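Input: a single structure, listed below in structure tokens.
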Amino acid sequence: MEISEVLVQPYMLRAIAGIILIAINASVAGSFTIFRNVSFLVAGASHSALAGAALFILLGVYGFPANPLIGALLFAIATAFVAGYASKEETNTAIGISFAMSMSLAILFISMIREYAAKVWSLLIGDLFLLTYEDLYLITFVTFLSLMIALLFYKAFLFISFDSEGATAFGLNTRRYNYLLLSLIAISAVMLLKGVGAILVFAMLVAPAAASNELASNLRDVFIYAFIIALVSGFVGIAISFFFEVSPGAIASLLATTIYFFSLLARRFRGD
Amino acid sequence: MVKGKNEKEDIEIDAITSKGVEFGYGEQPVLFDITFTIKKEEFVAITGPNGSGKTTLLKLILGILQPRKGEIRVMGYSTKERDKIMNLIGFMPQKEHISSNFPILVRDVVMLGLGARKGIMKPTGKADEEEGIQAIKSVGLDEEIWMEKFAELSGGQQQRVLLARALAIKPEILLLDEPFNGVDIPSQNKILDLISDLRKKGVTVLLVVHNVNPLLHHIDKIMLLKNRIVAFGKPDEVLTDKNLISAYGASIPIIYCEEGYAHPVYSDIHG
Chain A
-4 MEISEVLVQP YMLRAIAGII LIAINASVAG SFTIFRNVSF LVAGASHSAL AGAALFILLG
56 VYGFPANPLI GALLFAIATA FVAGYASKEE TNTAIGISFA MSMSLAILFI SMIREYAAKV
116 WSLLIGDLFL LTYEDLYLIT FVTFLSLMIA LLFYKAFLFI SFDSEGATAF GLNTRRYNYL
176 LLSLIAISAV MLLKGVGAIL VFAMLVAPAA ASNELASNLR DVFIYAFIIA LVSGFVGIAI
236 SFFFEVSPGA IASLLATTIY FFSLLARRFR GD
Chain B
4 MVKGKNEKED IEIDAITSKG VEFGYGEQPV LFDITFTIKK EEFVAITGPN GSGKTTLLKL
64 ILGILQPRKG EIRVMGYSTK ERDKIMNLIG FMPQKEHISS NFPILVRDVV MLGLGARKGI
124 MKPTGKADEE EGIQAIKSVG LDEEIWMEKF AELSGGQQQR VLLARALAIK PEILLLDEPF
184 NGVDIPSQNK ILDLISDLRK KGVTVLLVVH NVNPLLHHID KIMLLKNRIV AFGKPDEVLT
244 DKNLISAYGA SIPIIYCEEG YAHPVYSDIH G
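These protein sequence lines are chains A and B, in that order.
Sequential numbering from -4 applies to the first sequence in my numbering.
Sequential numbering from 4 applies to the second sequence in my numbering.
As structure tokens, this is what we get:
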């Protein structure tokens, strides 16, 4: 098959759309993850999401059909609320414990539905080429919604990330905005689940923004560079996987994380 | 309500009044029996050992926390009326509580304050930006700093940017939490000169500090806290051996400078 023919294959178009959506999430939620300094939430939420998905698959087996991504969303948001509820010093421990609890539940659910376990494992590894139209509609809708929320509350999110004490003193409902921001980040983590898998969500959501945070000279550029880094990593992942039949998500994540390390070096050499 | 409003216009109201305030997170009160009056244009330092309730008192004045007994009024308004008092108070937090591991610019920092006051979801325009730049100039910083990264400024400059953010909203009362932490002596003096100018313009200034020495020559009053008010008054009346033992649980040597001010020598007693 010619490359031009491959490029218009539905599965390829869906993968490309998936990459664009991932890049938007990596830019918006990724950057705020760095600003708010809650990168561990991304790891926690994406793995908690697995348990939610497993539960919904289990419910399906017992005659209550439901989209596993909805279960994933619910569990991820629950993790965000646990993180928001905990004090600043306890945030990471609280995320870690809900991470562990969710994984226990995930494994428990999987053991109850052995014949469907592959469905859950597919969310652990993910595959850009297996995205369905239904997945894409849901991801597009949710991504658009998060983008709107981020634009609307941009200043509030920035204020609580920079200086939550000051934000409260200046009259913001810091607690409420914190829950909203953490939920937004957790939801974005779920949006990447099907495409790159729970294991690699961290790499694709956090690494591009972490790299751009090192390179950018203002906030706007953090968002722009994060989008570009995620997009380019994703496209390179798809291209290489086409020629060598390896996981596109893995290549994309490898590239995004490598760019982070180079950006660290670049910043050191620049002497910042 | 109407009567109350008229009263406020007719008689001179105090900047901050606290009557029998008690506050605690658990059963044990962090603050109790807090009664004081701070008049307009006064410059007051709140001091005391770690855990004496200094920052808690600031939070009560800001209305972030509500007393479980008693009442605090700011320019005549109860701290329960947060939208009213927020427009009257400019706040500068401790620099240590700020996280700037991202390229937030001085402009962003100052505009966050102005934006919050305007309504955080409303856009800020050229006029607001002009006010922000004026605030930066008013704290003695160059206009060029406006587009620089906050994280790359010196500690003293960062502190002044935070002060500019508080001043940009043109507050009647300024609350500063440990404004001199990590700030060198020349920057401390600049901040103090600025506060003197503000008082001439009618601003009431309240600072929380663990070390009153840099301020002694400038302040009107000291409030010495140890979960209650140990003493409140002119520096020399407050900084006596008896009061310091009562607050810190240990004798703190006092030296008198050439100008006759009593300076406590905290050594390692304070936090």
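Beta carbons: idealized from backbone N, C-alpha and C, even for Gly.
This structure is a prediction, so every number in the text was calculated from the model and none was measured.
(message) In whole angstroms, give me the CA-to-CA distance for L131/A and A12/A.
(response) If you number the first sequence from 1, residue 131/A lands on position 136. If you number the first sequence from 1, residue 12/A lands on position 17. Roughly 8 Å between the two C-alpha positions.
(request) Please report the residue range of the beta strand (DSSP E) in which A21/A lies. (result) Along the first sequence, one-based indexing puts residue 21/A at 26. First-last for A21/A: 5 to 31, but that is the alpha helix (DSSP H), not the beta strand (DSSP E).
(request) Quick one: grab the DSSP three-state call for I49/B. (result) In the second sequence, the residue the question calls residue 49/B occupies position 46. I49/B falls in the strand class under three-state DSSP.
(request) Could you name the residues of chain B that V217/A contacts, counting a contact when the two beta carbons are closer than 7 Å? (result) Mapped onto the first sequence, residue 217/A falls at position 222. Those within 7 Å of V217/A in chain B are F105, P106.
(request) Using a Cβ-Cβ cut-off of less than 9 Å, list which residues of the stretch 14 to 43 of chain A approach chain B; keep chain order. (result) S26, I29, F30, R31, N32
(request) Using a Cβ cut-off of 7 Å, pull out every chain B residue sitting near N213/A, in sequence order please. (result) For the purposes of this step, residue 213/A is identified with residue 218 of the first sequence, where counting begins at 1. Within chain B, the residues near N213/A are P106, L108.
(request) Give the straight-line distance between the Cα atoms of D36/B and E262/B, rounded to the nearest whole angstrom. (result) Against the second sequence, residue 36/B aligns to sequence position 33. Against the second sequence, residue 262/B aligns to sequence position 259. Approximately 34 Å between the Cα atoms of the pair.
(message) With a threshold of 8 Å between beta-carbons, can N208/A be considered close to chain B, or not?
(response) As a working note, residue 208/A is residue 213 in the first sequence. By this cut-off, N208/A is an interface position.
(message) Quick check on K22/B: does DSSP put it in helix, strand or coil?
(response) Numbered from 1 along the second sequence, position 19 holds the residue referred to as residue 22/B. Of the three classes helix, strand and coil, the one that applies to K22/B here is strand, per DSSP.
(request) Run through the stretch 193 to 257 of chain B for me and flag every whole beta strand (DSSP E) of 3 or more residues, listed as ranges in chain order. (result) 207 to 211, 224 to 228, 232 to 236
(message) Taking the alpha carbon of P256/B as the reference point, which residue from R163/B, D244/B, L144/B, S249/B has its own alpha carbon closest?
(response) Position 253 of the second sequence, counted from the start, is the residue given in the question as residue 256/B. With distances taken between Cα atoms, P256/B lies closest to D244/B.
(request) Could you tell me which residues DSSP puts in a beta bridge with P267/B? (result) Walking along the second sequence from the start, residue 267/B turns up at place 264. Answer by DSSP bridge pairing, in chain order: I257/B.
(request) Report all residues from its chain with a CB closer than 8 Å to the CB of L195/B; omit the five preceding and five following residues, and keep chain order. (result) Translated into the one-based positions of the second sequence, residue 195/B becomes position 192. Same-chain partners within the cutoff: P217, L218, H221.
(message) Taking 8 Å as the threshold (beta carbon to beta carbon), is R231/B in contact with chain A?
(response) Counting from one through the second sequence, the residue named residue 231/B turns up at place 228. Chain A contact via Cβ: absent.
(request) Within its chain, find whatever has a CB closer than 7 Å to the CB of V201/A; leave out the 5 residues flanking it on each side and keep chain order. (result) Start at 1 with the first residue of the first sequence, and residue 201/A comes out as number 206. Closer than 7 Å at Cβ, skipping near neighbours: G25, T28, S34, V37.
(request) Determine the closest residue to T86/A out of S97/A, T74/A, M96/A, with distance taken between C-alpha atoms. (result) Here residue 86/A refers to the residue found at position 91 of the first sequence. Minimum Cα distance to T86/A is reached at T74/A.
(message) Which same chain residues end up closer than 7 Å to N9/B when comparing Cβ atoms and leaving out the 5 residues on each side of it in sequence?
(response) Along the second sequence, one-based indexing puts residue 9/B at 6. Since pLDDT at N9/B reaches only 48, below the 50 mark, its modelled position is unreliable, and the value read off the structure follows with that caveat. Here the set comprises nothing.
(message) Tell me the residue span of the beta strand (DSSP E) that contains E74/B.
(response) Along the second sequence, one-based indexing puts residue 74/B at 71. 72 to 77 is the span of the beta strand (DSSP E), which, as asked, contains E74/B.
(request) Mind checking which residues open and close the alpha helix (DSSP H) that includes I108/A? (result) As a first step, residue 108/A is located in the first sequence; it is residue number 113 there, counting from the start. Looking at the DSSP string, I108/A is not in any alpha helix (DSSP H), and its letter there is neither H nor E.
(request) Could you tell me which of V185/A, D216/A, F256/A, V217/A sits nearest to I17/A, measuring between CA atoms? (result) Walking along the first sequence from the start, residue 17/A turns up at place 22. Nearest C-alpha to I17/A: V185/A.
(request) In angstroms with no decimal places, state the Cα-to-Cα distance between I19/A and F51/A. (result) Indexing the first sequence from 1 puts residue 19/A at position 24. Indexing the first sequence from 1 puts residue 51/A at position 56. Each residue's alpha carbon lies about 27 Å from the other.
(request) For I37/B, write down the residues that DSSP places opposite it in a beta bridge. (result) Working through the second sequence from its first residue, we reach residue 37/B at position 34. V24/B, per the DSSP bridge assignment.
(message) I'd like to know whether the C-beta atoms of L227/B and G54/B end up nearer to each other than 8 Å.
(response) As a working mapping, residue 227/B is identified with position 224 in the second sequence. As a working mapping, residue 54/B is identified with position 51 in the second sequence. The answer is no: Cβ separation not under 8 Å.
(request) Measure the alpha-carbon distance for V227/A versus I182/A and round it to whole angstroms. (result) One-based indexing of the first sequence puts residue 227/A at position 232. One-based indexing of the first sequence puts residue 182/A at position 187. Taking the straight line from one Cα to the other gives about 23 Å.
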